[in-house]
Every structure is written in structure tokens, then in C-alpha cells.
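Engineer: Encoded as C-alpha cells, here's the structure I'll be asking about.
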């Protein structure tokens, strides 16, 4: 049975983000200012009342600051008794007088603290929660929760079964949008609920041994195209984020985009065995009485009421099920297997284009296929490595919690480079009589299907015109569950000259990193293999190439991210090759050249593995 599930989460954040600056504008900072605390509770009450008025249950994520406020505690208890709301615990909302006095810091992101401080803060917050409620929570969360933090919480407080654990694609793009002052770098994770591995929060567990013991949900359900192409903070199931993105009619105060976004998430059940998910989590600072950004309080309030009403109406129509976080964790574990992927064939609902992206996520990879570039893979995260990536003070990654990429068209150019070299992409080129066409230049559309445990993306055929030959080609991209591989088939459906032959160059240009800036490629090894014969090339930025006729495999090992990526093909007589980049284009290339004729099909496989 089709099921669309929503989590509505509220937090009584006594010192809401931004609100201290707004409420106390022109005054010296005072986290205990009475006007601030009173307004914060009023906002929380309004949010709760709005959800309940629309027949929706919520998860109340108590903040550390709210645990020192008897009224906030009493409100949570009352709504739990009356409406069945879950009382949970957030690791957001740490700043308050008591926290500042104890920890002597203005840091507030739990994942950025040292491990010693993380443990101390968790024990403080969980202990205070138990003191106030007499039990430990079943749900927790933050904008991001690193694996070490999650593992400690689960080991010490085993009641926890669900956590808000990442903000999808909140990284360099969001940082730049916030005047280079918002240090939440957490690109590369799932966009929908998953079971984090013990090794890395972003990489889903492949089995029980890797299972961290919690079900993770993202902070907001974000637009899988607009947030990828641009700033993630404007395009999510957060009415005030939509207002911040100026995606509303300034005269009528209407925002159809918000409803279209929710509806597109509803449609994802078609790709996920009848299941789709949404979450709304609006911090009280977004409903400040002084307004936010360009919007007055009246518009902020209206947008929240309208968003809740839309969910409430869907529930009344039998099209939505509201759950608490703990309830959802139980449902998710019953519904999903470890290796079952999350899929999304996503279309533009904002800019009026026909652009489509297909997203695929499982314990071995996260991949994005771009139909505007002929079905090229434009983002690839090698979860197969289960890369241990400690985050916080005292580690190599104080703020950077992103999962590294092999391909990322926004940070590494993709097909379209400015001057020289190549950007990261997995695509193909067709050559004929000295002419060359890259499929990245061929816009198309995709159709999703499933056969057994294989998810299939069938692209509409494209016409490739050479001077004296026209080729109609179709691409099929297949993801076999648990294989850690992507199969790409190229079918020649028609040629203007049935006796002609063209050269097919299947390739991947890749590197590694988490930002726009290049990393050191020394240590990477490229190789070709035919039978027992292996030839290697150590990366030295020398622009060298190596090829092998009828190679069984071409391969790159990237020790910096403990990842091996390889390609293989079924094309007869194919020549496998590897290419080393250079300083101005610090990439590597793996590929196969083969011949293909009318009505023939060539398949290649891209495989990801952990490199020990």
C-alpha cells in the first residue's frame, strides 16, 4: 500500500538562532533577556497549536536551554498526554547562560566540539532531560551528527532509535550564500531517511554489523534539483526558507512552490516500493515577531499555518500518515532492508525548465544522473569505502563533515570547463571521420522501472548528427541492488547508413575532495588489467596515458579516501585506457574505446570498492 509519511518537529529553543540579534537589536548580548525567552515560548506554543489544529502529531525536541524552563517542560508534558506528541531531545539549542558558564565557549554545533566535550555535553543534556522527565529520549538530533557522536549516544543511551543527522547538500554553496560565514559543511549524504553506518554517518549501513542502531532522518526535505544547483537553504519543506528564497507572490502572499515540493516528494513512492517521506522542522527564530529578512511576521505566520494546513488536509483525505520520530524509526526498520536503495526521479518545479535528475542512494554509493547531459553521472560518492571521517576540534576536519566525491560537477566543472582540462563526469563520446560528439551535449528524458532487485533508468533516444551520418542512440542505466556497480548500456537503434561503424569512448573523469579546491593527487595509482597482466601508473601530474587492448579492467586506487573505482566492458576488442592529469587539471580518466554498429549494444560497468 502506498504510504506518505510526515514528521513534524518543533523545538522550544529559548535562544533561537538569529532571534537574539533581532529581539535585542542595538543592545548588548543577553541570552537570558526576558523578552527573548517569552517570545520563544510564544512561538513554540503557536507552532504546536497550529499542528494540533490540523490534526497532526509532533515530535517535541527539547533543547538544553528549554530544560531549565519549567513552563517549556510543562507544555511538553501536557501535549504528550493530550495529543500523543513524542518528547525528544535536540542537541541544537545549546546556547544559554548555563551552557556558556560551564563550557566557556560560543560554539553551538555539537559535531564541532572535541570528542571529550561531545561526551560531556551529551551526558549533561541527557542527564538534565532525565531529571525533568524521568526517562531518556527515543529521538535526538542536530544539523549533523558525526559517527563517533552517534555511536557514543547509542552505547550510553540505548533508548535512542531515531536522529536528525544531516542537512542535505548544505556545504560550500550554503557557506558562500551566507557571506562565507555559515560553517555547516555536510555535502554528500542521503536526502531521505537511512540507517547510518558506525563508520560514517552519511554512508548507510550495509548489514547489521555496520548498523549504528539508529534511523537517521534529514533536516528538511529539500528540492533535489534546486538545492543541488544552488543554495540548499532556500528550497525545502520549510515555509520560511521558501520565503527567504523569494519564491512567493508579494501581492497575494501565495507560494504554490511549497505545495508542489511536498507533492513531488509524495510522488517518490513510485520509485521506492510504495513509500515516500517528508519532514518539516522550523526553528522558532523563523517566526520572530520582528520579522525575518524581507518578510513581516504576518507573512511568516501565514506561511506556517498554510504549510500545516496542507499536511492536515492530506491526512484528512487519507493521503498522509503523521508519525513521531520514534514511531517512524520502527516503521522504517520494518519497511526497508539494509541494501534497498532510495531512488528519486526528480524534475524541475521552480524554473520552468524540463530538467530531470535521477538520484540513487544505497550503502555503496550515492549517484546523480543528469538527463540534461545525456544521462551523464554528475555526482558520485563512494560509500563503499565506509570512510571513517572524524569531525570536530582535535581532528583533521574541524568543520568539514562532507562525504568526499569522485565526481561533482559543481565543484569540479563537469563537462563544461572554462579554458583547459576536463571536469569530473561519467559520460561517453561518439567519433566518426574525425568528428566527435559527447553525450553530455544531448538533452533527454528518463523513465524509471524495476526488475527484481535492479532499478532501471531508460532514457529517450537521442539523434547524433555527423557530417555524413546520423545515429539514433539510447542509453539505459541500471543499478543492481547490492552490486556496488552502475551498468550503462548504449544501444544503436538506427543509423542513416546501416553499414557504418562509429567509435564509442566510454569514460569517467574523476578526482576526490569535498570543496571546490583541488586536493593532492600524489599517491593515486592507475592501472590496466588483462588476465594476470597488470600495468600501473603512479600519479605524478605528468599528463601520461596508458592503454591495453582487450583489457578486463581499468582501475584507480585513491588511498586518501580508501576507494577503488574501476570500469569494465563487454565490447569485443575494446581498448582500455587510463590518463593522468596535470596541475591545471588535477583529474584522472578511466575509459574504453570500442567500435559499435547499427543495432548493436555495448555495456560498461562502473564499480566502487573499499581500498584497504
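Residue numbers (this note's numbering): 1491 to 2102. Every residue, glycine too, gets a C-beta built ideally from N, C-alpha and C.
Scan the stretch 2029-2086 and note each continuous beta strand (DSSP E) run of 3 residues or more that stays entirely inside, going in chain order.
Structural biologist: With a minimum length of 3 residues, the continuous beta strand (DSSP E) runs that stay inside the stretch 2029-2086 are 2035-2039, 2043-2048, 2053-2059, 2065-2072.
Engineer: What's the C-alpha gap between residue 1539 and residue 1548?
Structural biologist: One C-alpha to the other measures close to 10 Å.
Engineer: For residue 1736, count the other beta carbons within 10 Å of its own beta carbon; 16 or more makes it buried, fewer makes it exposed. Which is it?
Structural biologist: Burial call: exposed.
Engineer: Where in the stretch 1580-1667 do unbroken runs of the beta strand (DSSP E), each at least 3 residues long, occur, reported from the N-terminal end onward?
Structural biologist: DSSP runs (the beta strand (DSSP E)) wholly in the stretch 1580-1667: 1629-1631, 1652-1656.
Engineer: Looking at the structure shown, is residue 1722 part of a helix, part of a strand, or coil, going by DSSP?
Structural biologist: Reduced to three states, the DSSP call for residue 1722 is helix.
Engineer: As a quick exercise: from 1801, 1946, 1948, 2021, pick the residue whose alpha carbon is nearest that of residue 2039.
Structural biologist: Looking at the Cα atoms, 2021 is the closest of the given residues.
Engineer: Just list the residues that DSSP pairs residue 1848 with in beta bridges.
Structural biologist: In the DSSP output, where bridge partners are listed per residue, residue 1848 has 1835, 1859.
Engineer: Taking DSSP as the reference, what is the three-state secondary structure of residue 1911?
Structural biologist: The answer is coil: DSSP assigns residue 1911 none of H, G, I, E or B.
Engineer: Can you tell me which of the three DSSP states residue 1513 falls into?
Structural biologist: A caution first: residue 1513 carries a pLDDT of 49, below 50, which makes its placement in the model unreliable, though a value can still be read off. Reduced to three states, the DSSP call for residue 1513 is helix.
Engineer: Closest to residue 1747 by C-alpha separation, out of 1728, 2068, 1763, would be which residue?
Structural biologist: Here the closest residue by C-alpha is 1728.
Engineer: Does the Cβ-Cβ distance between residue 1832 and residue 1858 come in under 8 Å?
Structural biologist: Not in contact: residue 1832 and residue 1858 (Cβ atoms no closer than 8 Å).
Engineer: Taking the CB atoms as reference points, tell me whether residue 1899 and residue 1885 lie closer together than 8 Å.
Structural biologist: No, the pair does not count as a contact, with Cβ atoms beyond the cut-off.
Engineer: Can you give me the C-alpha to C-alpha distance between residue 1971 and residue 1897, rounded to a whole angstrom?
Structural biologist: Distance between the alpha carbons of residue 1971 and residue 1897: 21 Å.
Engineer: Buried or exposed for residue 1824, going by 16 or more other Cβ atoms inside 10 Å?
Structural biologist: Exposed, by the Cβ-count rule.
Engineer: Decide if residue 2026 is buried, meaning its Cβ has at least 16 other Cβ atoms within 10 Å, or exposed.
Structural biologist: Answer is exposed; the Cβ neighbour count stays below 16.
Engineer: For the stretch 1650-1657 against the stretch 1832-1842, are there 3 or more C-beta pairs whose distance is under 8 Å?
Structural biologist: These segments do not touch.
Engineer: Verify whether the separation of the beta carbon atoms of residue 1577 and residue 1627 is less than 8 Å.
Structural biologist: Yes, these two residues count as a Cβ contact at 8 Å.
Engineer: Which residues does DSSP pair with residue 1812 in a beta bridge?
Structural biologist: Answer is 1496.
Engineer: Taking 8 Å as the limit between beta carbons, can you name the residues of its chain near residue 1491, skipping five residues before and five after?
Structural biologist: Unreliable placement is indicated for residue 1491, whose pLDDT of 45 sits below 50; no coordinate value is reported for it.
Engineer: On the DSSP letters alone, give me the boundaries of the beta strand (DSSP E) that residue 1995 sits inside.
Structural biologist: It spans 1991-2000 - the beta strand (DSSP E) in which residue 1995 sits, taken as one unbroken run.
Engineer: How would you write the range of the beta strand (DSSP E) that residue 1869 sits in, first residue to last?
Structural biologist: Its beta strand (DSSP E) spans residues 1866-1871.
Engineer: Going straight from the alpha carbon of residue 1686 to that of residue 1560, what length do you get?
Structural biologist: Approximately 35 Å, taken between the alpha carbons.
Engineer: Tell me the DSSP secondary structure of residue 1940 in three-state form.
Structural biologist: Three-state DSSP puts residue 1940 in a strand.
Engineer: Between which two residues does the alpha helix (DSSP H) harbouring residue 1961 extend?
Structural biologist: No alpha helix (DSSP H) contains residue 1961, which is instead part of the beta strand (DSSP E) from 1960-1970.
Engineer: Return the residue from the list 1952, 1817, 1843, 1934 that minimises the CA-CA distance to residue 1629.
Structural biologist: Ranking the options by Cα distance to residue 1629, first place goes to 1817.
Engineer: Going by DSSP, name the residue or residues bridged to residue 1694.
Structural biologist: Paired residue(s): 1686.
Engineer: Among 1585, 1615, 1801, 1866, whose alpha-carbon lies nearest the alpha-carbon of residue 1996?
Structural biologist: Checked all of 1585, 1615, 1801, 1866; the closest Cα to residue 1996 is 1866.
Engineer: Apply the 10 Å Cβ neighbour rule to residue 1513 and answer buried if 16 or more other Cβ atoms are within range, or exposed otherwise.
Structural biologist: Note on residue 1513: pLDDT 49, under 50, position unreliable in the model; no value is reported.
Engineer: Report buried or exposed for residue 1666, applying the criterion of at least 16 other Cβ atoms within 10 angstroms of its Cβ.
Structural biologist: By the 10 Å Cβ count, residue 1666 comes out exposed.
Engineer: Of all the options 1856, 1860, 1855, 1829, which has the alpha carbon lying nearest to the alpha carbon of residue 1844?
Structural biologist: Among 1856, 1860, 1855, 1829, the Cα nearest to that of residue 1844 is on 1860.
Engineer: Can the beta-carbon of residue 1976 be found less than 8 Å from the beta-carbon of residue 1920?
Structural biologist: Not in contact: residue 1976 and residue 1920 (Cβ atoms no closer than 8 Å).
Engineer: Between residue 1495 and residue 1811, which are expected to be in contact by the criterion C-beta below 8 Å, what is the C-beta distance as a whole number of angstroms?
Structural biologist: The Cβ separation is near 5 Å, so the contact holds.
Engineer: Where residue 1800 and residue 1720 are concerned, what is the direct C-alpha to C-alpha distance, given to the nearest angstrom?
Structural biologist: Roughly 26 Å between the two C-alpha positions.
Engineer: Could you compute how far the alpha carbon of residue 1936 sits from the alpha carbon of residue 1882?
Structural biologist: Those two C-alpha atoms are separated by around 41 Å.
Engineer: Among 1849, 1784, 1965, whose alpha-carbon lies nearest the alpha-carbon of residue 1758?
Structural biologist: When only C-alpha atoms are compared, the closest one is 1849.
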